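Asks:
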Amino acid sequence: MKKMITVLAITGSLAVTGVVAAAGIQNNSGKILSSEEVSKKALSYVKGTVYKVELDKEKGIQVYEIDVQGENNKEYELKLDAKTGELLKKSMEISKVSNTNTSKKVIGLAKAKEIALGSVKGSVNKAKLDQEDGIYEIEIVKAGYEYDFDINAYTGKIVKKEQEKFSKKVVTGKVIGLEKAKQIALSNVGGTVQKAKLDKSDGVYEIEIIKGTTEYDFEIDAKTGKILVKESEEVDALSTTINKPKPSNATTTNMVIGDKKASQIALTKAKGTITKIELDEEDGVYEIEVKDGVYEYDLEIDATTGVILDFEKEYEDD
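Take the sequence shown: its letters are residues -22 to -1, 1 to 296, numbered as in mature numbering (1 follows the signal peptide of the UniProt record, and there is no 0).
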């Protein structure tokens, strides 16, 4: 949940008042930066005036989201680690690109890439022309960061630049498996698994468990099995019964086949590794994703009968 600190007015000269200092939040036993400190950090990355600071939490990590008004109608959005002040994400945007005069010649993709590389020396990952908006979209990778540019297709002006830190937890090699991850979560709190999937970009299994009127959300390291994040919240008792899918014959908790049985059924149709299994209570189906390294299979299985209702297969292009 985001916490608004205060709308600040801290300029590049850092004329900070006592009001700003009072606006600092010292959660987590005073270990995170105050709003004054994080504003100074922000202005070490860009020049301008800080006008908004928000404290947020992402995947168990506290971050500050900061808006800075720069010169020449530039607006910056920064995301900093709340404890260290490390820059996690930066974006810059100015007025929208006008594409009314389509009779002008575009600068060309090679020129657009040259302009982007003039700002950041790295490797061009993607480059394309968005004809509707009249911009070139360029993506560059360098030293653990991804830079996204919007470049005016007619003038060559950089109208937007975004910088984001790569996650260092991308899954490569052997992982513990979805079933093992579910066992780890269940051994911690018991209950019933509601959702389970592998997030490859962050290298974690995301497990959701319902026990009574409490919902638990786990993030488990995909390689080590270590519980990285555990969160809980009270939910409406009527909405926690996963055993109430829509089919009219599903009237008791014993009518649902369970995620283990659903997984077995899925693997008889698609050989590979289950990367996601989720019970859709409203439709009364298990939604299962299976990957074999070449193809991705998506199945829908009736939660009460085990019948495969839908099966899709597509080339896994990532």
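Don't be surprised by glycine CBs; every beta carbon is placed ideally from N, CA and C.
All figures in this text were calculated on a predicted structure; none of them were measured in a lab.
Span of the beta strand (DSSP E) holding Ile93?
Replies: Stepping through the sequence shown from its first residue, residue 93 is reached at position 115. Here Ile93 belongs to no beta strand (DSSP E); instead the alpha helix (DSSP H) covers 87 to 97.
Asks: Using the beta-carbon count (16 or more within 10 Å), is Gln109 buried or exposed?
Replies: Taking the sequence shown and counting its residues from 1, one reaches residue 109 at position 131. The residue in question, Gln109, is exposed, as its Cβ has fewer than 16 Cβ neighbours within 10 Å.
Asks: Once you ignore the five residues that flank Ile243 on each side, which residues in its own chain have a CB closer than 6 Å to its CB?
Replies: Residue mapping note: residue 243 aligns to position 265 of the sequence shown, counting from 1. Excluding residues within five positions, the ones whose Cβ falls inside 6 Å are Ile279, Gly284.
Asks: Span of the beta strand (DSSP E) holding Val102?
Replies: Here residue 102 corresponds to residue number 124 of the sequence shown, with the count starting at 1. First-last of the beta strand (DSSP E) with Val102: 101 to 108.
Asks: From the DSSP output, in three-state form, read off Asp237 for me.
Replies: One-based indexing of the sequence shown puts residue 237 at position 259. Of the three classes helix, strand and coil, the one that applies to Asp237 here is helix, per DSSP.
Asks: Quick check: the Cα distance between Leu11 and Thr202, rounded to an integer number of angstroms?
Replies: Residue numbering aside, residue 11 sits at position 33 when the sequence shown is read from its first letter. Residue numbering aside, residue 202 sits at position 224 when the sequence shown is read from its first letter. Those two C-alpha atoms are separated by around 31 Å.
Asks: What is the rounded straight-line gap between the Cα of Val24 and the Cα of Ala105?
Replies: Taking the sequence shown and counting its residues from 1, the one referred to as residue 24 is at position 46. Taking the sequence shown and counting its residues from 1, the one referred to as residue 105 is at position 127. Distance between the alpha carbons of Val24 and Ala105 is about 26 Å.
Asks: Which partner residues of Ile129 appear in the DSSP bridge assignment?
Replies: In the sequence shown, counting from the first residue as 1, residue 129 sits at position 151. According to DSSP, which records beta bridges pairwise, Ile129 is partnered with Tyr114, Ile136.
Asks: Between which two residues does the beta strand (DSSP E) holding Gln69 run?
Replies: Counting from one through the sequence shown, the residue named residue 69 turns up at place 91. Looking at the sequence shown, residue 69 is not Gln but Ser. Per DSSP, Ser69 belongs to the beta strand (DSSP E) from 65 to 71.
Asks: What's the call for Ile255, buried or exposed, on a 16-neighbour Cβ count within 10 Å?
Replies: Looking up residue 255 in the sequence shown gives position 277. Counting Cβ neighbours within 10 Å, Ile255 comes out buried, since at least 16 surround it.
Asks: Where does Thr246 land, buried or exposed, given buried means 16+ other C-beta within 10 angstroms?
Replies: Working through the sequence shown from its first residue, we reach residue 246 at position 268. Exposed: under 16 other Cβ atoms inside 10 Å.
Asks: Rank Tyr273, Leu257, Val28, Thr170 by C-alpha distance to the C-alpha of Glu292 and give the top, closest one.
Replies: Position 314 of the sequence shown, counting from 1, holds the residue named residue 292. Checked all of Tyr273, Leu257, Val28, Thr170; the closest Cα to Glu292 is Tyr273.
Asks: For Lys269, which residues from the same chain have a beta carbon less than 8 Å from its beta carbon, with the 5 sequence-adjacent residues on both sides left out?
Replies: As a working note, residue 269 is residue 291 in the sequence shown. The residues are Gly250, Thr251, Thr253, Tyr275, Glu294.
Asks: Looking only at its own chain, which residues have a Cβ that is under 6 Å from the Cβ of Leu164, when we skip the five neighbours before and after it?
Replies: Sequence index remark: in the sequence shown, residue 164 carries index 186 (1-based). Closer than 6 Å at the Cβ level, and outside the excluded window around Leu164, lies no residue.
Asks: Can you give me the Cβ contacts of Leu66 inside the same chain, cut-off strictly under 8 Å, excluding the 5 residues immediately before and after it?
Replies: Here the question's residue 66 lines up with position 88 in the sequence shown. Around Leu66: Val41, Lys57, Leu58, Asp59, Glu142, Lys143.
Asks: Would Ile129 pass as a contact of Ile162 if the rule is Cβ separation under 8 Å?
Replies: Against the sequence shown, residue 129 aligns to sequence position 151. Against the sequence shown, residue 162 aligns to sequence position 184. No. Outside cutoff.
Asks: Are the CB atoms of Ala200 and Val182 within a distance shorter than 8 Å?
Replies: Walking along the sequence shown from the start, residue 182 turns up at place 204. Walking along the sequence shown from the start, residue 200 turns up at place 222. Yes, they are a contact pair.
Asks: Let me know if Ser17 comes out buried or exposed under the rule of 16 or more other beta-carbons within 10 Å of its beta-carbon.
Replies: Counting from one through the sequence shown, the residue named residue 17 turns up at place 39. Its Cβ being crowded by 16 or more others within 10 Å, Ser17 is buried.
Asks: Which runs of the alpha helix (DSSP H) spanning at least 4 residues fall entirely within the segment 13 to 45, listed in chain order?
Replies: DSSP runs (the alpha helix (DSSP H)) wholly in the segment 13 to 45: 13 to 23.
Asks: Whole-angstrom Cβ separation of Met70 and Lys52, contact assumed at under 8 Å?
Replies: The count along the sequence shown starts at 1 and reaches residue 70 at position 92. The count along the sequence shown starts at 1 and reaches residue 52 at position 74. The pair is a contact, with the Cβ atoms about 6 Å apart (cut-off 8 Å).
Asks: Beta strand (DSSP E) containing Lys175: first to last residue?
Replies: By one-based count along the sequence shown, residue 175 stands at place 197. Taken as a continuous stretch (DSSP letters only), the beta strand (DSSP E) holding Lys175 covers 170 to 177.
Asks: Please name the residue, chosen from Ile187, Gly190, Gly169, Ile198, that lies closest to Lys178 on a Cα-to-Cα basis.
Replies: Counting from one through the sequence shown, the residue named residue 178 turns up at place 200. Considering only alpha carbons, the answer is Ile198.
Asks: Sort out for me which residues DSSP pairs Thr192 with in a bridge.
Replies: Here residue 192 corresponds to residue number 214 of the sequence shown, with the count starting at 1. Answer is Lys189, Glu212, bridged to Thr192.
Asks: Tell me where the alpha helix (DSSP H) around Leu11 begins and ends.
Replies: Along the sequence shown, one-based indexing puts residue 11 at 33. It is not in any alpha helix (DSSP H) - Leu11 carries neither H nor E in the DSSP assignment.
Asks: Looking at the structure shown, is Lys52 part of a helix, part of a strand, or coil, going by DSSP?
Replies: The count along the sequence shown starts at 1 and reaches residue 52 at position 74. Reduced to three states, the DSSP call for Lys52 is coil.
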